[in-house]
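A quick write-up on the structure given underneath.
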Amino acid sequence: MPENSYVFMTDSDSDLPFRYVDELDLTMVYMPYILDGKEYLDDLGRYGKQKEYFDNMRAGSAPVTSLLPTPVYVDYFEPCFREGRDILFISFSSQLSSTINNIFAAREELLAKYPDRKMIVVDTLSISAPQTLLILGAYELYRQGKPMEEVAAWVEENKMHAQAWFTVDDLKYLRRGGRISAMAATLGTALDLKPIIILNKGGKLVSADKVRGRKAALRYIADKTAENILNPESQTLILMHADAPEDVARLEALIRERVPSIHAIETIYVGPVIGAHCGPGTIAACFMGKERPI
Numbered sequence: 024m025p026e027n028s029y030v031f032m033t034d035s036d037s038d039l040p041f042r043y044v045d046e047l048d049l050t051m052v053y054m055p056y057i058l059d060g061k062e063y064l065d066d067l068g069r070y071g072k073q074k075e076y077f078d079n080m081r082a083g084s085a086p087v088t089s090l091l092p093t094p095v096y097v098d099y100f101e102p103c104f105r106e107g108r109d110i111l112f113i114s115f116s117s118q119l120s121s122t123i124n125n126i127f128a129a130r131e132e133l134l135a136k137y138p139d140r141k142m143i144v145v146d147t148l149s150i151s152a153p154q155t156l157l158i159l160g161a162y163e164l165y166r167q168g169k170p171m172e173e174v175a176a177w178v179e180e181n182k183m184h185a186q187a188w189f190t191v192d193d194l195k196y197l198r199r200g201g202r203i204s205a206m207a208a209t210l211g212t213a214l215d216l217k218p219i220i221i222l223n224k225g226g227k228l229v230s231a232d233k234v235r236g237r238k239a240a241l242r243y244i245a246d247k248t249a250e251n252i253l254n255p256e257s258q259t260l261i262l263m264h265a266d267a268p269e270d271v272a273r274l275e276a277l278i279r280e281r282v283p284s285i286h287a288i289e290t291i292y293v294g295p296v297i298g299a300h301c302g303p304g305t306i307a308a309c310f311m312g313k314e315r316p317i
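Encoded structure:
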């Protein structure tokens, strides 16, 4: 493990597989969600409940996400400051939640109490696997003992290159979350339209296009992956799915046809936080590539 004067910290909205939490010297902030009236913390798949979560959604459960309050962040941060260590926090996009405001509030409260300490908060303008890609890239510098200012600068310089291309299976979940209108959802369902959703330069999930049919959506994502990925021979592409193992396997085959030089492909589940908004059947390809197109 690296021995640094600062703590490398991030949040579970990254969907970073739990094995990394066990293997790496980082601190994870676990984000809450509410399912059937009960609050849970995202366990990053540690207990293998991902399929059950999406089955519950198919059966009619409507999970909602919630913010961690400032005092909880204080509880995460203060032990580090008390031990004389600074903090580098790699956060999910400020444009998808106001959570980062509570991080800043906790930081200001604690810096008043520990004026000799420092804390850098990096807004990745990402969520889920694109955030994971940035975390793993930054962690390599942390492992090498680089100062946190240099690690933070690397994330800032590379965050527009962390791409995600999503499609959803059922528009009702986007409608429920207010991301599309009821009329658009009804019409889209009738026409079998599948939206193509990306993380834009502003850190929001936006519609980039729409195609007719699931197979066409998977081909579109594979095409865009091949068009946008950089240095595939030296990176691990992450495929995500919300309990759609057959479709994610199809997408992997399509990508391997188009990008035969890819070093590795890792498949993970969509986490419960983003899954609450996009629903079962969601598929995504995430990689480091050209600058985000919009």
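Heads up, the sequence shown is in this note's numbering, so the first residue is 24 and it goes up one at a time.
Idealized CB from N, CA, C, for every residue including glycine.
This one's a predicted model, so the numbers in the text were calculated from it and none came from an experiment.
Rounded Cβ spacing between residue i and residue j (contact assumed at less than 8 Å)
| i | j | result |
| --- | --- | --- |
| GLN186 | PHE310 | 6 Å |
| LEU91 | THR50 | The Cβ separation is near 14 Å, so there is no contact. |
| SER117 | SER149 | With 8 Å as the limit, SER117 and SER149 do not qualify as a contact, their Cβ atoms being about 11 Å apart. |
| PRO86 | TYR56 | 5 Å |
| LEU157 | THR147 | 5 Å |
| GLY294 | SER120 | About 14 Å separates the two Cβ atoms, so there is no contact after all. |
| ALA308 | LEU260 | 7 Å |
| GLU314 | HIS184 | 6 Å |
| TYR76 | GLY225 | That pair is no contact at about 29 Å. |
| SER257 | HIS286 | 6 Å |
Three-state secondary structure assigned by DSSP to residue i
| i | result |
| --- | --- |
| PRO55 | strand |
| GLN186 | strand |
| THR88 | strand |
| LYS72 | coil |
| THR305 | coil |
| GLU106 | coil |
| PRO25 | For PRO25, the predicted structure reports a pLDDT of 49, less than 50, and the residue's modelled location is therefore unreliable. The matter cannot be settled from this model. |
| ASP45 | helix |
| LEU67 | coil |
| LYS195 | helix |
| ASP34 | strand |
| LYS224 | coil |
Bounding residues of the beta strand (DSSP E) (the contiguous stretch that carries residue i)
| i | result |
| --- | --- |
| GLU289 | 287 to 292 |
| GLU256 | No beta strand (DSSP E) holds GLU256; DSSP gives it neither H nor E. |
| PRO316 | Careful: PRO316 lies outside any beta strand (DSSP E) and carries neither H nor E. |
Residue from the options with nearest C-alpha to residue i
| i | options | result |
| --- | --- | --- |
| TYR70 | ALA272, PHE41, ILE57 and ALA267 | PHE41 |
| ALA82 | ALA308, ARG315, ALA307 and PRO303 | PRO303 |
| TRP188 | ALA85, ILE221, LEU277 and LYS227 | ILE221 |
| GLY163 | TYR43, HIS286 and ALA287 | This sequence places Glu at residue 163; Gly is not what is there. Ranking the options by Cα distance to GLU163, first place goes to TYR43. |
| ALA239 | PRO218, TYR53 and SER230 | PRO218 |
| PRO283 | CYS301, ALA249, MET263 and LYS313 | ALA249 |
| VAL30 | PRO94, PHE112 and LEU67 | PHE112 |
| ILE244 | LEU277, ASN223, THR259 and TYR63 | LEU277 |
| ASP193 | LYS74, SER28 and ILE306 | ILE306 |
| ASP232 | GLY225, SER114 and LYS247 | LYS247 |
| ARG105 | CYS301, SER28, PRO170 and ASN79 | SER28 |
| ASN181 | GLN167, LEU39 and VAL145 | VAL145 |
| PHE100 | GLN73, ALA128 and THR88 | ALA128 |
| ARG237 | LYS227, LEU216 and SER230 | LEU216 |
| THR88 | GLN73, CYS103, ASP109 and TYR63 | TYR63 |
Start-to-end residues for the alpha helix (DSSP H) that takes in residue i
| i | result |
| --- | --- |
| ARG235 | Taken as a continuous stretch (DSSP letters only), ARG235 belongs to no alpha helix (DSSP H), being part of the beta strand (DSSP E) at 228 to 235. |
| LEU39 | Neither: LEU39 is in no alpha helix (DSSP H) and is coded neither H nor E. |
| LEU274 | 268 to 281 |
Cβ of residue i within 7 Å of any chain B Cβ
| i | result |
| --- | --- |
| SER89 | In the structure shown, chain B does not exist; there is a single protein chain. |
Any non-hydrogen atom of the ligand FAD closer than 6 Å to residue i Cβ
| i | result |
| --- | --- |
| ALA249 | This structure lacks the ligand FAD; in fact it carries no ligand of any kind. |
Please go through the stretch 114 to 172 and give each complete beta strand (DSSP E) segment of 3 or more residues, from N-terminal end onward. 142 to 146
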